[in-house]
Amino acid sequence: MQKHRVRRTRWINGCTVLLCLSMLAPAVLSARSGDDADWIVSGRAPSSEKLDLTFEVTPQPLVYGRVHDAIITVANGTATDQQVAIKALLGEVAHFVAGDQGVGFAQPEKPEQQRTIVWPTRLLPSGAIGRVSFRFLVSWDVSGDVYLEVDATALGVDGPIEVAHLRETPRYPDGSGVGFFHQYGAVMFFFLLFVVLQLGLYRYMRNRGNVGVLKGLSLFGGVLLLFFAVSQIWNALEPWVSWQATTCEVLDVRYAVDTTTSSSNVSGGRTSNARSTARFFTPLLTLRYDGPDKSIVSTGFRHASSAAGDMGLLEDYRAGTTTECYFDPEDPGWVVVVRDFGISTIVFSLLYLLAAGALVRFGLRRR
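Mapping to the working numbering: the sequence shown position 315 is 315, numbers consecutive.
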């Protein structure tokens with residue numbers, strides 16, 4: 001009797017285990033196939049015998065200093081299931097912030113001029129629509145158009161690669177247009193106007209022999225140049241004096257490349273046109289950090305964003321790591337990881353100071 005009870009108990013326990021396993025099996029299979037199924041969206045792809053790729057960026061228009069969302073949609077219009085590989089090329093102005101579906105850099109260990117992000121290969125059933133997305137920052141530190149290139153490839157199939165492009169000129173946050181003269185036109189106009197008036201009045205007073213007014217103009221010009229010199233020095237010292245230290249998460253590592261081409265006439269028996277090209281590399285990091293009121297995403301490396309650097313400056317930085325950085329509490333969008341005092345700043349500041357000292361000395365002379 002006791003043996004029958006033991007057998008019956010074992011039989012009941014075995015049935016219970018089998019029942020539990022049968023209930024868990026769908027969950028396990030779902031978990032295994034989730035990597036492929038979680039990017040499928042509702043709707044049915046039109047029959048086109050190929051992959052159809054669409055690419056959308058919001059909000060529009062693109063704005064400097066703002067994070068935008070990019071949505072990539074792939075529709076499988078073929079009669080068979082496809083293994084799909086998706087990648088996106090980010091130009092110099094667009095900086096990677098975040099993405100879904102396991103997206104990452106193709107070469108995360110290298111700082112590149114143009115970065116490529118890739119998604120793991122996913123299964124896209126026949127007639128299904130898949131969607132992935134990522135976020136990017138329109139950098140302040142690099143001028144020019146935003147350029148994005150997205151392509152989708154069906155692996156193992158002899159078919160064309162579907163490609164979508166976006167090229168757009170960003171706008172400024174106040175809604176105004178772009179361009180060098182729009183940004184610096186007013187400053188250049190008033191500076192050139194001051195130089196013209198200063199030279200004109202100088203020649204006029206010199207010809208008339210009115211030394212008192214001439215000395216006054218020289219004193220005014222000296223004070224103005226002194227103001228420029230002090231502004232340059234303070235601009236370089238400000239990160240050391242008043243900026244706040246914090247910890248930044250490194251999101252993207254790259255160089256911006258500025259190519260300058262110059263030409264000159266060379267005479268050696270005959271006149272020819274010689275062209276030379278100079279390339280300046282500006283290191284850039286895309287950083288996420290906690291500002292006074294909210295989390296901020298911005299780009300920066302050193303205070304003088306136009307300063308050129310060698311290709312080894314970014315070897316110590318990797319996407320996904322953290323580093324110490326410094327931001328301006330009054331304008332938290334400005335952030336640097338290197339606080340340096342550029343040689344060009346010192347040279348120009350000394351020139352301003354010398355010119356200002358000469359003009360002030362002339363203006364304060366008794367005779």
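Just so it is clear, CB atoms sit at the ideal spot from N, CA and C, and this is done for glycine as well. Since we're looking at a predicted model, the values are computed, not measured.
Item	Value
Span of the beta strand (DSSP E), counted from its first residue to its last, around tryptophan 334	331-336
Inter-residue Cα distance where the pair is phenylalanine 228 and asparagine 235	10 angstroms
Supposed contact pair threonine 323 and cysteine 248 - C-beta distance, whole angstroms, cut 8 angstroms	6 angstroms
Option in Gly144, Thr121 and Ala128 with minimal Cα separation from glycine 156	Thr121
Extent of the continuous beta strand (DSSP E) run through tyrosine 147	146-154
Through-space distance from alanine 79 to valine 297, alpha-carbon basis	43 angstroms
Spatially closest choice to alanine 368 from Ala45, Gly312, Ile346 and Ala88, by CA coordinates	Outside the displayed range of the chain (1 to 367) lies residue 368, so it cannot be described from this structure.
Cβ neighbour criterion (16 or more within 10 Å) applied to arginine 115	buried
Distance, valine 63 Cα to proline 283 Cα	22 angstroms
Beta-carbon contacts of valine 347 that lie in its chain and below 6 angstroms, excluding the five residues immediately before and after	none
Buried or exposed (CB count within 10 angstroms, at least 16 for buried), leucine 354	exposed
Buried/exposed call for glycine 91, threshold 16 Cβ in 10 Å	buried
Span of the beta strand (DSSP E), counted from its first residue to its last, around arginine 115	115-118
C-alpha distance - serine 349 paired with serine 242, whole-angstrom precision	20 angstroms
Sequence-distant residues of the same chain with beta carbon closer than 7 angstroms to alanine 356, five excluded per side	Gly222, Leu225, Leu226 and Ala229
N-terminal and C-terminal residue of the beta strand (DSSP E) that valine 63 is part of	Careful: valine 63 lies outside any beta strand (DSSP E) and carries neither H nor E.
Nearest-angstrom Cα separation, counted from serine 133 out to aspartate 81	22 angstroms
Sub-8 angstroms separation of valine 338 and phenylalanine 301 beta-carbons	yes
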